[in-house]
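Undergrad: Just so you know, we're using our numbering here: the sequence shown kicks off at 1 and counts up by one.
What follows is a single structure, and I will ask about it in a moment.
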Amino acid sequence: MRKFHTLADLRDWKPGPIRLGLLGDPVAHSLSPEMQNAALAECGFAPRYARFRILPNELGEALRLCAERDFIGVNLTVPHKVAGFALVEVEDQFARQAGAINTIRFEEGKLFGTNTDGPGFVRAIRESFNVELRDLRVLVLGAGGGAGQAVAATCALAGCPALTLVNRDFTKAQTLAARFPHRQILAVPWEATSLGKALAQTDLIVHATPLGLQPNDPAPLPCELLAPCHLTYDLNYGPTAFLAAAREAGARAASGLTMLLHQGALAFEFWFDRPAPLAVMRRALGF
């Protein structure tokens, strides 16, 4: 199978087994096809799932073409989760609160969107650390992107006792915090002094930026700010500098592989209205 298809391929698309996919940039690293194709095979479904490298200015056309080519659905990843929100009919309250979607179903020419990142994240934290998200004070690094917004909204709606939002563009963190006026949410600048004060009152640190997708990417914060009392979760699911720094500091650390699994299972259920074969999908991801 090719590493990924492009918008040019969609324009010249021929009918075939690929009727599901992941749209984003980059996508070559994604394990979603392995997971979803294992689920499809287990259920005896003929359609297959592939990667599509779609640039930001190509998303609208790509979705239109997918609908015209009789696709069942797609997932959206970086950088499309926020932009995609405005292009679909949003099916659930959580996606509206997050202002982002990651899953689309095509049905009779219409596009229906949902966000499985939030509920997938809750399940991932429970599995990774044997704790409930609602009991944790959480700090989200990278709260301005689609995944970060979904995690922040999840924490706010779960009733976490404290939630701190950090983003390179501070105004984005402030805007997101303002969406939940009745929750205890603090937006802080991305600089060492502010981070140090916030981390002293944090149980769970969530890294939600794309840092880590490339082998030489640096850690998003200084190692000395991390402590053994911290739980650390990286939404990226390969080895990252953030997780290495967390382990060096004695903190408990987990990658985004569990979130990939659970959000993917929920996406499968959104497309097919039947339980996902979770154990098969887990084995396909190698854990």
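Yeah, the Cβ is synthetic: ideal placement off N, Cα and C, and Gly gets one too.
The beta strand (DSSP E) with residue 207 in it runs from where to where?
TA: First-last of the beta strand (DSSP E) with residue 207: 204-207.
Undergrad: In terms of residue numbering, what span does the alpha helix (DSSP H) encompassing residue 257 cover?
TA: 257-272 is the span of the alpha helix (DSSP H), which, as asked, contains residue 257.
Undergrad: Going by alpha carbons, who is nearest to residue 289 out of 66, 40, 98 and 122?
TA: Only positions 1 to 287 of the chain appear in this structure, which leaves residue 289 out of reach.
Undergrad: Going by DSSP, name the residue or residues bridged to residue 118.
TA: Answer by DSSP bridge pairing: none, since residue 118 is not bridged.
Undergrad: Which whole-angstrom value is the C-beta distance of residue 186 and residue 176, which I expect to be below 8 Å?
TA: Incorrect: roughly 11 Å between the Cβ atoms, too far for contact.
Undergrad: What's the gap between the Cα of residue 40 and the Cα of residue 73?
TA: Approximately 13 Å between the Cα atoms of the pair.
Undergrad: Under DSSP, the alpha helix (DSSP H) around residue 367 begins and ends at which residues?
TA: Nothing in the structure corresponds to residue 367, since the chain is present only between 1 and 287.
Undergrad: Helix, strand or coil for residue 110 per DSSP?
TA: Residue state, collapsed to three classes: strand.
Undergrad: Quick check on the burial criterion: 16 or more other C-beta atoms within 10 angstroms. Buried or exposed for residue 115?
TA: Buried, because 16 or more other Cβ atoms sit within 10 Å of the Cβ of residue 115.
Undergrad: Here's the rule: buried if 16 or more other CB atoms are within 10 angstroms of the residue's CB, otherwise exposed. What is residue 56?
TA: With fewer than 16 Cβ atoms within 10 Å of its Cβ, residue 56 is classed as exposed.
Undergrad: At which residue ranges does the region 149-212 contain complete alpha helix (DSSP H) runs of 4 or more residues, listed in the order of the chain?
TA: The region 149-212 contains these whole alpha helix (DSSP H) runs: 170-178 and 192-199.
Undergrad: In whole angstroms, what is the alpha-carbon distance linking residue 46 and residue 100?
TA: If I take the Cα positions, the gap works out to 30 Å.
Undergrad: May I ask you to report which of helix, strand or coil DSSP gives residue 146?
TA: It is helical.
Undergrad: Thinking residue 134 and residue 163 are a contact (beta carbons under 8 Å), I'd like their distance in whole angstroms, please.
TA: About 11 Å separates the two Cβ atoms, so there is no contact after all.
Undergrad: Would you call the region 102-114 and the region 240-257 touching, i.e. three or more CB-CB distances under 8 Å?
TA: Not touching, per the Cβ criterion.
Undergrad: Grab me the residues of residue 280's own chain with a C-beta within less than 7 Å of its C-beta, minus the 5 sequence neighbours each way, in chain order.
TA: Closer than 7 Å at Cβ, skipping near neighbours: 38, 39 and 42.
Undergrad: Please report the Cβ distance between residue 140 and residue 148, rounded to the nearest whole angstrom; I am assuming they are in contact, meaning their Cβ atoms lie under 8 Å.
TA: That belief holds up - the Cβ atoms of residue 140 and residue 148 are roughly 6 Å apart, short of 8 Å.
Undergrad: So, is the C-beta of residue 145 closer than 8 Å to a C-beta in chain C?
TA: The structure shown contains no chain C; it is built from a single protein chain.
Undergrad: Leaving out five residues on either side along the sequence, give the residues of the same chain with a beta carbon under 7 Å from the beta carbon of residue 262.
TA: If we look at residue 262 and ignore the five residues flanking it on each side, its Cβ neighbours are 120, 123 and 124.
Undergrad: Can you list, in chain order, the residues of its chain with a C-beta nearer than 6 Å to that of residue 199? Leave out the 5 residues immediately preceding and following it.
TA: Correct list, in chain order: 225.
Undergrad: Return helix, strand or coil for residue 125, following the three-state DSSP convention.
TA: Residue 125: helix per DSSP, three-state reduction.
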